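If you use this note's numbering, the sequence shown corresponds to residues 79 to 626, in order.
Glycine included, each C-beta is placed from N, C-alpha and C at the ideal position.
Keep in mind that this is a model prediction, so the values were computed, not measured.
Below: the structure, in structure tokens.
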Amino acid sequence: MKNKGLAATAALATLLPLGGGFPIANQMHAHAAMAAAPVKGGTAIDGLFEEPTSLLPNTGFDAFNIGVQETLFSPLFYTDGKGQLHPGLAAKIPTLANGGISKDGLTYSFTLRPGLKWSDGKPLDARDVDYSWKIWTDKGLIVNSTFGFDHIKSAVISSDNLSITFHLKSVFAPFLSVWVDQVMPLPAHILQGLTAKQINTNKFLFQPTVSSGPFSMTSRKSGENIVEQRNPNFYMPGRPYLDKLIFKIIPDQTGLINALRAHEIDSAWFLDVSQINTLKNISGYTFLAAPAPNYEQAVLNFRNPILQDVRVRQALEYGLDRPTMVKDVWHGAAQLIASDQVSTAFSYDPSVKPFPYDPAKAASLLDAAGWKLGSDKLRHKNGKTLSLRWTTTTRNPWRAQDEFIALQGYQNLGIQLNIVNYPGSTYFGSIFPSGNFDIGEWENGLVYDPDNTIAPYFSSTAFPPHGSNFGHYANPAYDALIKQEEATVDPVKRKAIFAKMQRIMNQDVPALWMYGQNTPSEYNNNLHNYAPGPYSYELWNTWDWWKS
């Protein structure tokens, strides 16, 4: 037991090489670093490329849902612009040394700050945390992930309601990290009268009536804006500095850039990389391309029998001209990837290499899989044409260029590619969950612990609506490795398991691994402390934003 405890200590101590290695370029412009003390008051306007579909934490899949959630709700623990971990609603980060984690790794105790309140003045305490994990594991609720929460055997709340102690069914190395950043406790006093299924359609998801974050929502006009005001009960003394935070919905990349040039918005994130030269030259604004553990992938739908053949999947990877995407679409601000583990992650194994662009190899694999080229220059097998549908979000120029490159390459291979795109809210809200795609392109990103990104998207236990394995990928060997890394506290051994997982992702190709990229954003020089984080996205620290 002693050695196991020491291993657990080492694991927790190294949970963030996971964060320490992400330099953020130009977090604040020079004059901001020399500015006077923050000024209270004022309004900041942020441009959102996609309108959030759900603002209930652990629901609403895409980054714009999560970002706005972070302005309305506070997590127990959060990471900053450099990926470093801090206590949020929790009073401290539990460790073996402070007794927050048991030596056998089966018990975690979270202590909340005393005197916490929801925006309506009701107490915010361990009872909300207890309610949250229980409702997230209710099969009636549509959630992003149950990972970690489904390892809980029982939870005990202290008599003063300030602490909650979780007893796990088995050792789960990333348990602390499931409570970091993007998963925030829910208001039990508002929701506990509803069933899980009732919550799925409750108006609270569209417009939360209470908050624990720096702001509270005052109004929302669908397709236009979200208006938030300072939450007087926010747990950080003197924060937020701003009186108001407004989100302006601008579902068009050109429209976002025009709004920046017209000084109609103060900031915008996830901008069009093809417009870098324009973005770098907007008067009074600063351009950022912050390094991040993000990557573009195209998930393959295993419910299509064609894609169940690994030779076809590998052919699609060999036949996709990703080097041209990096060079011409991203202007070199991206890197080829070999799997869902990118070079910034502690779990990354550099010996696993990206597939080269090799149309001849792709053609050979398709031939071997029985897809023969016909006189119509298309491939056929058993009377069927090799026809696939590529989908992604509309109004993203760089993705349109990705699709054109894919269309050309696959056409040359004899693959009929049909392109059908959707607004982000539709794409992530219904197309992906329903499996109405063959090849689905989108940007993913690792979070504080890589397990919390990897497992929800490729574990066979994470099919929608109780997870985000949209391609319905199922591999018993991969599932077994997930269980192993989750039960391994020794960081060296855990990294070795991740390396095995990376090799499976590379060779089994459950998704087309396209490229890892930085995230372009822009902000007004009068907006201070704008510093998108590698795990926590653009809006993690709106409590610290201020206007001069």
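Check, Outcome
"Start-to-end residues for the alpha helix (DSSP H) that takes in Ile335", "Gln331 to Arg339"
"Cβ-based neighbour list, Asn309, same chain, cut-off 7 Å, excluding 5 preceding and 5 following", "Ser197, Ser289, Gly291, Pro292, Phe293 and Ser294"
"Inter-residue spacing [alpha-carbon to alpha-carbon] between Asp622 and Lys459", "59 Å"
"Runs of alpha helix (DSSP H) wholly within the stretch 164-220 (minimum 4 residues, chain order)", "204-214"
"Gly166 versus Gln486: straight-line alpha-carbon distance, rounded", "49 Å"
"Helix, strand or coil at Met314 [DSSP, three-state]", "coil"
"C-alpha distance - Phe284 paired with Ala266, whole-angstrom precision", "17 Å"
"Any 3 or more C-beta pairs closer than 8 Å across the stretch 240-253 and the stretch 214-223", "no"
"From Pro192, Ser255 and Thr121, residue whose alpha carbon lies closest to that of Ser614", "Ser255"
"Beta-carbon separation (whole angstroms), Ser503 vs Glu128, contact threshold 8 Å", "6 Å"
"Proximal residues to Arg473 (C-beta, below 7 Å), its chain only, five neighbours per side dropped", "Pro329, Asp330 and Gln331"
"Simplified DSSP assignment, three categories, for Gly397", "coil"
"Alpha-carbon spacing of Gly199 relative to Glu148, whole angstroms", "19 Å"
"Helix, strand or coil at Ile123 [DSSP, three-state]", "strand"
"Cβ-based burial, Phe365 [other Cβ within 10 Å; buried from 16]", "buried"
"Close-in-space but distant-in-sequence residues of the same chain around Val261 (CB under 7 Å, 5 per side omitted)", "Pro135, Asn136 and Pro153"
"Nearest candidate by alpha-carbon position, reference Asn619, set Gly611, Gly448 and Phe506", "Gly611"
"Rounded straight-line distance, which links the Cα of Asp406 to that of Gly518", "21 Å"
"Same chain only: Cβ atoms within 8 Å of Asp228, ignoring 5 sequence neighbours per side", "Thr215"
"Counted within 10 angstroms of its Cβ, other Cβ atoms place Asp238 as buried (16 or more) or exposed", "exposed"
"4 or more residues per run - each alpha helix (DSSP H) lying fully within the stretch 509-577", "529-536 and 554-564"
"Rounded C-alpha distance that separates Ser132 from Asn222", "11 Å"
"Distance cut-off 8 Å: Asn460 Cβ against heavy atoms of the ligand HEM", "This structure lacks the ligand HEM; in fact it carries no ligand of any kind."
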